[in-house]
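Participant: Here it is, the structure in full.
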Amino acid sequence: MGRLEVKELTFSYKKTRGAVFRDFSMALSPGHIYGLLGANGTGKSTMLYLMSGLLTPQSGRVTYNGTDVRKRLPSTMSEIFIVPDEFELPNVTLKHYIETNHVFYPRFSEEDMNTYLDVFNTHTDAKLSELSLGQRKKIFMSFAMATHTRVLLMDEPTNGLDILSKEQFRTFLTKGRNEESIFVVATHQVKDIEAVLDHIIMIDGTRIIAETDADSIRREGKIDLEQYYKDTLKAKEGSHEK
7 MGRLEVKELT
17 FSYKKTRGAV
27 FRDFSMALSP
37 GHIYGLLGAN
47 GTGKSTMLYL
57 MSGLLTPQSG
67 RVTYNGTDVR
77 KRLPSTMSEI
87 FIVPDEFELP
97 NVTLKHYIET
107 NHVFYPRFSE
117 EDMNTYLDVF
127 NTHTDAKLSE
137 LSLGQRKKIF
147 MSFAMATHTR
157 VLLMDEPTNG
167 LDILSKEQFR
177 TFLTKGRNEE
187 SIFVVATHQV
197 KDIEAVLDHI
207 IMIDGTRIIA
217 ETDADSIRRE
227 GKIDLEQYYK
237 DTLKAKEGSH
247 EK
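Residue numbers for the sequence shown follow the numbering used here, so the first one is 7 and each next one is one higher.
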């Protein structure tokens, strides 16, 4: 089973000062739903793009199953799907979109896709360009989960979803996980997804400021994941003031 590894990675945008990541390393193992947490501007979205091979680091690399994702080999890309926070969909029907794109993912399930669409009360005749943000998010998340890629990267996936849709998303995510999958949810809205996370990684740009399995926090019985997130950020800010 493939691991997703970030190895001594340094990355910066040309128009900004300083590195977003510097000599940053972490390893993600199959069978987990990871919460990639951090305040706005700490590099969560950038890390997802690096993991998917859409950005090139200045040094270091990201590998999946030992292969550098930046090579964008078909065998690697068919195992990785990223859902950005903001995205555009083509001016076609959902049916056309599915027919055109599902061929790139060998484990795509039309049955699962239809299940998701039914629950979200969406039909394949819908024209993607005419949908609201929430509707587009539901459709794109449905397609992403129906691909059954080993690696699913999601940036603020609950943005634009109503309360019921958030609950449905959590259910789909839990049922879609298996012993070979690596799900990464980047968010600062911890409350929306804390129930499904089993491992927490908090980042502050150049470093990991906290990493733990979610059950160890829950077993303490004193704080939930959202409170853990807030307390960790507060402790970090306090250490910077000294």
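Quick reminder that beta carbons are idealized off the backbone N, C-alpha and C, glycines included. Owing to the predicted nature of the structure, the values given are computational and were not obtained by experimental measurement.
Pull up the CB-CB distance for A192 and L54, whole angstroms please, since I reckon it's below 8 Å.
Facilitator: 6 Å
Participant: Going by beta carbon distance, what residues of the same chain come within less than 6 Å of T52, once the five residues before and after it are set aside?
Facilitator: V26
Participant: Kindly identify the DSSP beta-bridge partner or partners of S2.
Facilitator: Nothing about residue 2 can be reported from this structure: the residues present for the chain run from 7 to 248 only.
Participant: Would you grab the beta carbon distance between T153 and F114 for me? Rounded to a whole angstrom, and I think it's under 8 Å.
Facilitator: 5 Å
Participant: Can you give the Cα-Cα distance for L123 and H129, rounded to whole angstroms?
Facilitator: 6 Å
Participant: List the residues that DSSP assigns as beta-bridge partners of H38.
Facilitator: I188
Participant: I need the DSSP call for L134, collapsed to helix, strand or coil.
Facilitator: helix
Participant: So, at 8 Å on beta carbons, what are the nonlocal neighbours of K101 in its own chain, with the 5 sequence-adjacent residues on each side left out?
Facilitator: Result list for K101: T130 and D131, in chain order.
Participant: Are E232 and V157 close, meaning C-beta to C-beta below 7 Å?
Facilitator: no
Participant: From V89 to S148, what does the alpha carbon distance come to, in whole angstroms?
Facilitator: 10 Å
Participant: Below 7 Å CB to CB, which residues in the same chain sit around Q64 once its five sequence neighbours on both sides are set aside?
Facilitator: T16, F17 and S18
Participant: Throw me the rounded Cβ distance for the F146 and L95 pair, which I believe falls under 8 Å.
Facilitator: Correct: roughly 7 Å between the Cβ atoms.
Participant: Which residue from D237, H194 and Q141 puts its Cα closest to that of S171?
Facilitator: Q141
Participant: Assess, as a yes-or-no matter, whether the segment 26-43 is touched by the segment 204-212 under the definition of 3 or more beta carbon pairs within less than 8 Å.
Facilitator: The segment 204-212, when compared against the segment 26-43, does touch it at the 8 Å Cβ threshold.
Participant: Is any heavy atom in the ligand GDP found nearer than 6 Å to the beta carbon of E185?
Facilitator: Looking at this structure, you won't find the ligand GDP or any other ligand, since it has none at all.
Participant: L10 to V196, Cα distance in whole Å?
Facilitator: Going by the C-alpha atoms only, they are around 23 Å apart.
Participant: Just verifying my parser: in three-state terms, what is the DSSP assignment at L70?
Facilitator: For clarity, residue 70 is Tyr in the given sequence; the question names Leu instead. DSSP places Y70 in strand when its eight states are reduced to three.
Participant: According to DSSP, what are the bridge partners of I88?
Facilitator: The partner list for I88 (beta bridge, DSSP) reads L159.
Participant: Give every residue of the same chain whose Cβ lies closer than 6 Å to the Cβ of S135, excluding the five residues on either side of it in the sequence, and list them in chain order.
Facilitator: N97
Participant: Where E105 and F30 are concerned, what is the direct C-alpha to C-alpha distance, given to the nearest angstrom?
Facilitator: 39 Å
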